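Protein chains: 2
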Amino acid sequence: VSKGKIFLVGLGPGAADQMSGRARQAIAESAVVVGYAKYLDLIKDLLDGKESIRKGMTQEVDRCVAACELARDGKTVALVSSGDIGVYGMAGLTYEVLLQSGWTPGDGIGVELIPGITALSACASLVGAPLGHDFCTISLSDLLTPWPVIAQRLEAAGRGDFVIALYNPRSGRRQGQLVEARRILLRDRRPDTPVAIVHSAYRERQSVQLSTLEAMTDCDIGMLSTVLIGNSSTYFDAGLMITPRGYGRKYADLTGEVKEGERSGRSLSMGLGGWKACARRFLRDNQSHSLRQVARYFDVPSGEVLEAICEAGDKDPAGVYAAASIRPGKEADVLEAARDWGRLRAVVRNEAGAVSELLLHAIDFSRRGDWLNLENEHFHLHVNWSRVHRAWMLRRGDDLRSLYFTDERQDVVFNLSLVRKEGELEEAAVQCFEQAWNQLCVGPKQ
Amino acid sequence: VSKGKIFLVGLGPGAADQMSGRARQAIAESAVVVGYAKYLDLIKDLLDGKESIRKGMTQEVDRCVAACELARDGKTVALVSSGDIGVYGMAGLTYEVLLQSGWTPGDGIGVELIPGITALSACASLVGAPLGHDFCTISLSDLLTPWPVIAQRLEAAGRGDFVIALYNPRSGRRQGQLVEARRILLRDRRPDTPVAIVHSAYRERQSVQLSTLEAMTDCDIGMLSTVLIGNSSTYFDAGLMITPRGYGRKYADLTGEVKEGERSGRSLSMGLGGWKACARRFLRDNQSHSLRQVARYFDVPSGEVLEAICEAGDKDPAGVYAAASIRPGKEADVLEAARDWGRLRAVVRNEAGAVSELLLHAIDFSRRGDWLNLENEHFHLHVNWSRVHRAWMLRRGDDLRSLYFTDERQDVVFNLSLVRKEGELEEAAVQCFEQAWNQLCVGPKQ
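Protein chains in written order, with this note's numbering: chain C, 409 to 854; chain X, 409 to 854.
Right, dumping it as structure tokens:
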């Protein structure tokens, strides 16, 4: 028996001339074409003399099973879908069905995946250049994905300032998902963020609506729409939606000279190797700023600023700040040392906007399993010590001596500071602090 | 003078038969083809009899300016790039250059964007079906993007469990970015997360390496590589990388029956309209769980669980819990009412693993501008009241009466609970609590 073959074919947006040569060729080589009825209508001209198997929209599993059975009978089958068949497409499901039946690549049925132009690219091409920088796709369909998963992705996409393409934004039965998506994204993005809604790109009823994040739910949006939501730098100009790649950060104007401090073909001064030096310059120029203010200015966790301060050198100081990191494994030792520092202020702060400052003595800490506890009649402090990844010592001029504990994300778990008496730090406590710095820190810098 | 025209052409991955018909046609219609020298080499066969302008890799601005000048002279120009020209491509920059010179669409030079198969689709097609669910792209190049922005996107992509495609992962001068990316992603993703590295897809030196998040930095990765990183459900099977779309959530097995409680063609029971009922069922089945444990189980902010409890009905109770939300605008009134509740426990908790519990009387709160403060000789509590978006009252059987304040993200800012005396809540305090519930809550349910 001759071996069957499955072509997994992405048709692109729909118009015949948006299909790749390889996709046309694969369909031509196939005896049978399987697909959602509407997709087969898009390629009517290519189906002459072929068997075609038309399925309903939700019959994805049926389509795969049909294709696999035909291939097992030795036939060459094209399983087609619009866009790229690998993107939310039938490719994964077909592989899953095949693998579950014991198939492996190179053994029995041949499988070739032929990529296509995704809906993402097709829709974007009609409205300008919205995908000029990092983007993500989120399907709002909860037919197979729990809503909490979708909500968390929306939240992450908002926080990460990704350009967002929403797939399956709305249908007759699913009206609330888009409203929820808008609500979640408005937490991080301006109401006037550009939005484009593209309907049936490169097909007969193609339409484009330009809107905003605030107003998008009032637009005509259905199953065949893709919603493109800009990031914080996306703009509309002359009816085009543009997400700049960032040439303006390096060049004085688009056709002009490289800006001072930047080099063509090299990382930005704010790149991986340089941004901490920028943070130190900022600390020198803004001596009254708190660690937290600097972290917010650069939009990084506070631990990253601590690291920038640690890396300061004689020629590149961090203003009034100096810091050192506790040697790995010695995080508990510094807490032990703090027993001699007298009264301390412990700070627990959350991102939602609450801060508690507790006056305590480190001598009152006790450990139980993963937890570091301090309980008295006024307050309890509990720290999940297993979350403490690094510890840091921080000096600010004469008026602050602190110990910071950060987690793996470089977020602050809690911090401890020497308490001032009559406006000044106690000399004995400061001496103990400096002693711990010398004994416990990596490459102590005085 | 005849009007010039610019075709912005995405060539797809490289092989001639992966190009769309429209892209070939546009090049055929053009008198001049402008592009990065290596991309022009890919389409040598199409350049016969045409002027071609070859530029270096970092000369993006030059390429756009050249194309615009030629079009102004009345020529038809194809500006080409590999993949999709709209994805991190030259399309945005060209529009920016044109718009800055006063051009508008439909006026003077014509511009047509012809999408192509992105690197994303091309690379994915060679390794299986890794893009079967929500994905994002992140460029690791810090030539135009500050590192803190890139780091934040990596963090968000990790938290949001997106499949990730890294563009520009490594070059001769940029070695550390991929190491940092790995470190950031390992916070949220397992070390054995499948990774595929695709090099020169559909070109002469095409190669595929399968690896893991842990080991990927040891692979051969350069400027022409795309790194595909799976999400938490991506797996390798028989050398294929698959991200399932989630059919397993609805169907007993891939070819089998719909699972109990689910319906074909409808949202999952855990969909937007149903997941809160699932949360209430979970609360009935797990009566000893805290609010926070339930929130973690469903991976949602605690405010979402409070909402699920609020929406409980007689036939659909939330186990030992009952909740109600304070009427909008009355959030401060409930704090006023709490003055009569005697001793309270305030809890401030952060995501990094620290919890502080403060024993206080609400009568000691004072407001100053946006801040709600309580200061005594043992501790200070500061709450950024402008961040408080909603307030909630919560009962748990006979042993807990709490007030929760949440921010716009539904995260808890802080909470206040009645304190037990000798193991029991004080009756007078409970009565005051119930009175506030009746007076201040939306649609109070007894």
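Every residue gets a Cβ at the ideal spot worked out from N, C-alpha and C, and that includes glycine.
Fair warning: this is a prediction, and the values are worked out from it, not measured in the lab.
Check, Outcome
"Helix, strand or coil at R611 (chain C) according to DSSP, with G and I counted as helix", "coil"
"Which residues DSSP lists as bridging Y643 (chain X), in chain order", "X:I650"
"8 Å Cβ cutoff, T484 (chain X) in contact with chain C", "no"
"Secondary structure, alpha helix (DSSP H): runs of 4+ residues fully inside the segment 520-581 of chain X", "527-533 and 555-567"
"Option in X:D815, X:R671 and X:V441 with minimal Cα separation from L552 (chain C)", "X:R671"
"Continuous beta strand (DSSP E) stretch holding A423 (chain X): start and end", "Note, A423 (chain X): premise wrong, no beta strand (DSSP E); not H, not E."
"Boundaries (first-last residue) of the alpha helix (DSSP H) holding R591 (chain C)", "G584 to L593"
"Sufficient close CB pairs (3 or more, under 8 Å) joining the segment 817-826 of chain X to the segment 754-763 of chain C", "yes"
"Proximity test, Cβ basis, 8 Å: H790 (chain X) and chain C", "yes"
"Beta-carbon proximity of V488 (chain C) to V441 (chain C), cut-off 8 Å", "yes"
"CA nearest to the CA of P421 (chain C), picked from C:I525, C:M465, C:V666 and C:A479", "C:I525"
"Extent of the continuous beta strand (DSSP E) run through W779 (chain C)", "W779 to E783"
"Cα-Cα separation, L691 (chain X) to S460 (chain C)", "50 Å"
"Cβ pair N639 (chain X), H790 (chain X) closer than 8 Å", "no"
"6 Å CB neighbourhood of E622 (chain X) in its chain, flanking five on each side removed", "P599"
"Beta-carbon spacing of V838 (chain C), L848 (chain C) below 8 Å", "no"
"Best match in C:I734, C:W511, C:L811 and C:E437 for proximity to G457 (chain C) [C-alpha to C-alpha]", "C:E437"
"Contacts that N576 (chain C) makes with chain X (C-beta to C-beta distance below 9 Å)", "None at all; the shortest Cβ gap to chain X is about 11 Å."
"Minimum Cβ-Cβ distance from K452 (chain C) to chain X less than 8 Å", "no"
"Status (buried if at least 16 other CB within 10 Å, exposed otherwise) for R591 (chain C)", "exposed"
"Interface residues of the segment 492-504 of chain X facing chain C [CB-CB below 7 Å]", "D492, G494, V495, Y496, A499, G500, L501, Y503 and E504"
"Closest Cα partner of N823 (chain C) within the set C:K723, C:C472, C:Q585 and C:E765", "C:E765"
"Assigned secondary structure, W683 (chain C) (DSSP; H/G/I helix, E/B strand, else coil)", "helix"
"Sufficient close CB pairs (3 or more, under 8 Å) joining the segment 501-519 of chain C to the segment 504-518 of chain X", "no"
"Closest residue to S794 (chain X) among X:E835, X:E744 and X:E739 (Cα-Cα distance)", "X:E739"
"Contacts that A604 (chain C) makes with chain X (C-beta to C-beta distance below 7 Å)", "Near A604 (chain C) there are no residues of chain X at all, since even the closest Cβ is about 12 Å away, more than 7 Å."
"Residues that G420 (chain C) contacts on chain X, provided the C-beta gap is smaller than 9 Å", "S428, P523 and I525"
"Enclosing beta strand (DSSP E) for A754 (chain C) [first to last residue]", "R751 to R757"
"8 Å Cβ cutoff, Q508 (chain C) in contact with chain X", "yes"
"Separation of V742 (chain X) from A726 (chain C), as counted between CA atoms", "45 Å"
"Contacts around S677 (chain C), its chain only, beta-carbon distance under 7 Å, and the 5 residues preceding and following it disregarded", "G669, E670 and C686"
"Alpha carbon of T484 (chain C) to alpha carbon of F415 (chain C), nearest angstrom", "8 Å"
"Limits of the alpha helix (DSSP H) - the one that E739 (chain X) falls within", "E739 to A745"
"Environment of L569 (chain X) [buried if 16+ CB atoms lie within 10 Å]", "The sequence as given places Asp at residue 569 (chain X); Leu does not occur at that position. Result: buried."
"Pairwise C-alpha distance: I734 (chain C) and L811 (chain C)", "10 Å"
"Bridge-paired residues (DSSP) for H797 (chain C)", "DSSP lists no partner for H797 (chain C)."
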